[in-house]
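Scroll down for the structure; my scribbles are underneath it.
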Ligand SMILES: CCCCCCCCCCCCC/C=C/[C@@H](O)[C@H](CO)NC(=O)CCCCCCCCCCCCCCC
Ligand SMILES: Nc1ncnc2c1ncn2[C@@H]1O[C@H](COP(=O)(O)OP(=O)(O)OP(=O)(O)O)[C@@H](O)[C@H]1O
Ligand SMILES: [Ca+2]
């Protein structure tokens, strides 16, 4: 069997196959080749009596974590031998645990409103090549996908795919995690309830405005790359934080939970949805100029179970040992403590102040606008969140901080920025504290006026809102807890040395 053209086989020439390989885990499909098509294309086949061939489709790694589907055709004069190869390769593929039946939700209005086109033109043909069957559902309203996930026979599927942005992913995640807890009789309103892990993987086909979750877990936001990760059945566990207020469940978050700057940007940008992804630049500029800061108190529990720190130079990569070690450490702690809520006994740290931004990120939050993200050393699956506190500072300093989202300089190397790796935290705004603790204290009650009367103080008279993975929360006082590896994605994290892999494979057109 050779990948040399048939006319060379016919001449009985010696075949040179380069020494290179594709792991079976990265083969997409094996098919008997349609020789009529090949004949038409190459015109090199006419002389051969009865040729046989099969084509292997495989993942070809290009630059910047981009994957493409490549193929190589093997020619053979012996029909039986050709069939044996096809059979053997198909058996190898069967041994891989890959999705066979997927449930797909498409948000036709996400990002630049291209979700349906992206799925039909770039993704569906690849799923069909890989013999994956799908039930496709185009949403007609917000929360359609989430509501539907509570009704469908979920056991029929090997995974759920969402075509859209971070908001669409959030919907699907809420549907799946919520369904899982409901089926297991877990009360989501209890902030301390041990949540049941969700083993049905989610695949993200990026078609949104920020696509931060896709970018941070794959290394690029590219529909074809994501489709290939789904096809080969990659698996990446992900931390999920639960957000509560007064024993009421509000939301789950996996990327950014931001108060102050990012909350205000989101709130303003929601009114400008018609602008598409540009709305964030417009509202970002406006919010930057308004320069509001917010006063409040943060209580947090440091994440002692993990060896990593937000100031580490190394980032979370495929097969990350920090994530593995942290998960094991947490599992051991839970075994030792049994049902006892050990968190309550651990130390809480308190920070009071005036902040321009409070950002809690479960992952780096890398995205095309910010290729390293808001916390470059955050881990996808270590059971912790990085809590970034940006204190009141000048507009110029805040701009310097924002610019560091976009370049290689250290974002935390500012006197007004603090970062902590935490496993839970709580926030209460000063306004709420004052209202709740002592309503008769005139000075406290009129805090709003107090600030208005002193122009030097830029503290807002109102609360900000929380930006929870691109959705606003109704409450400013929240209680947040990280759940280590609560769910899984069809991804493998960001691969190391991708450039090297790309150049090794660029010359590779042979296989086996
Ligand atoms: C001067 C350059 C500064 C550039 C700063 C770029 C920062 C980009 C940071 C992106 C962080 C994304 C975190 C992920 C959040 C997602 O869960 C969420 C849902 O998709 N997206 C947003 O909330 C969307 C948030 C998008 C926020 C965009 C903010 C743009 C700020 C522009 C400020 C301009 C100041 C210029 C002054 C002359
Ligand atoms: N058919 C629909 N009509 C209106 N809204 C929808 C529909 N389907 C889903 N949605 C909602 O649209 C919101 C935004 O969608 P999505 O996340 O896909 O795009 P985006 O906001 O442009 O991107 P990003 O979240 O990456 O910034 C989601 O919160 C989702 O609940
Ligand atoms: Ca994490």
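In full-length UniProt numbering, the protein residues as written are 1 to 512. C-beta: ideal position from N, C-alpha, C; glycine also.
Nearest to residue 347 by alpha carbon, out of 422, 273, 336? When each option's Cα is compared against that of residue 347, the closest is 422.
Alpha-carbon spacing of residue 236 relative to residue 201, whole angstroms: 9 Å
Ignore the nearest five residues each way along the sequence and tell me which others in residue 226's own chain have a CB closer than 7 Å to its CB. 203, 204, 205, 206, 214, 218
With residue 496 as the anchor, note down where its beta strand (DSSP E) starts and where it stops. For residue 496, no beta strand (DSSP E) run applies, since DSSP gives it neither H nor E.
Which first and last residues belong to the alpha helix (DSSP H) in which residue 94 is found? 79-95
At a cut-off of 7 Å, would you count residue 174 as near ligand 1, judging by its Cβ distance to the nearest heavy atom? no
Give me, in chain order, the residues of the same chain whose beta-carbon lies closer than 6 Å to that of residue 283; leave out the 5 immediate sequence neighbours on both sides. 265, 268, 269
Check whether the region 153-166 and the region 94-106 are in contact - that is, three or more C-beta pairs closer than 8 Å. yes
Could you have a look at residue 524 and say whether DSSP puts it in helix, strand or coil? It is not possible to answer for residue 524, since the shown part of the chain is limited to 1 through 512.
Just to be sure I understand the criterion: a residue counts if its Cβ is closer than 7 Å to at least one heavy atom of ligand 3. Which residues meet that? For ligand 3, the selected residues are 239, 362, 363, 378, 379, 380, 381, 382, 383, 384, 385, 482.
Should residue 359 go down as buried or exposed, given a rule of 16 or more other Cβ atoms within 10 Å for buried? buried
DSSP three-state label for residue 350, please. In the structure shown, residue 350 sits in a strand (DSSP, three-state: E or B).
How many Å lie between residue 274 and residue 171 at the Cα? 21 Å
Is residue 534 near residue 136, with beta carbons less than 8 Å apart? Residue 534 lies beyond the range of the chain shown here (1 to 512); nothing can be said about it.
Measure from the alpha carbon of residue 52 to the alpha carbon of each residue in 308, 84, 64, 130, then state which is nearest. 84
Thinking just about the alpha-carbon of each residue, which of 379, 380, 374 is nearest to the one in residue 389? 374
C-alpha distance - residue 429 paired with residue 65, whole-angstrom precision: 41 Å
Looking at C-beta atoms only, is the number of pairs between the region 254-264 and the region 462-474 that lie closer than 8 Å three or more? yes
What are the partner residues of residue 274, as DSSP defines its beta bridges? None, per the DSSP bridge assignment.
Answer yes or no: the CB of residue 221 versus the heavy atoms of ligand 1, is any distance below 7 Å? Answer for residue 221: no, Cβ out of range of ligand 1.
Is residue 189 helix, strand or coil by DSSP? Here residue 189 sits in coil by DSSP.
Beta bridge counterpart(s) of residue 146 as assigned by DSSP: The beta-bridge partner set that DSSP reports for residue 146 is empty.
Using the three-state DSSP reduction, which class does residue 364 fall into: helix, strand or coil? coil
Opening and closing residue of the alpha helix (DSSP H) in which residue 212 lies: 212-218
Can you tell me the Cα-Cα spacing of residue 222 and residue 26, whole angstroms? 18 Å
Go ahead and pull the three-state DSSP assignment for residue 254. Of the three classes helix, strand and coil, the one that applies to residue 254 here is coil, per DSSP.
Nearest-angstrom Cα distance between residue 57 and residue 75? 15 Å
Would you say residue 373 touches ligand 2, meaning its beta carbon is less than 7 Å from a heavy atom? no
Distance CB(residue 186)-CB(residue 317) smaller than 8 Å: The answer is no: Cβ separation not under 8 Å.
Counting pairs of beta carbons, one from the region 408-423 and one from the region 383-400, are three or more of them closer than 8 Å? yes
Smallest Cα separation from residue 431: which of 355, 401, 404, 295? 295
Contact check, residue 129 vs residue 29, beta carbons under 8 Å: yes
For residue 113, count the other beta carbons within 10 Å of its own beta carbon; 16 or more makes it buried, fewer makes it exposed. Which is it? exposed
Restricting to Cα atoms, I'd like to know which of 403, 97, 36 is closest to residue 285. 403
Delimiting residues of the alpha helix (DSSP H) encompassing residue 52: Per DSSP, residue 52 lies in no alpha helix (DSSP H); the unbroken beta strand (DSSP E) holding it starts and ends at 52-61.
Grouping DSSP H, G and I as helix and E and B as strand, with all else coil, what is residue 565? With the chain running from 1 to 512 in the structure shown, residue 565 is simply not present.
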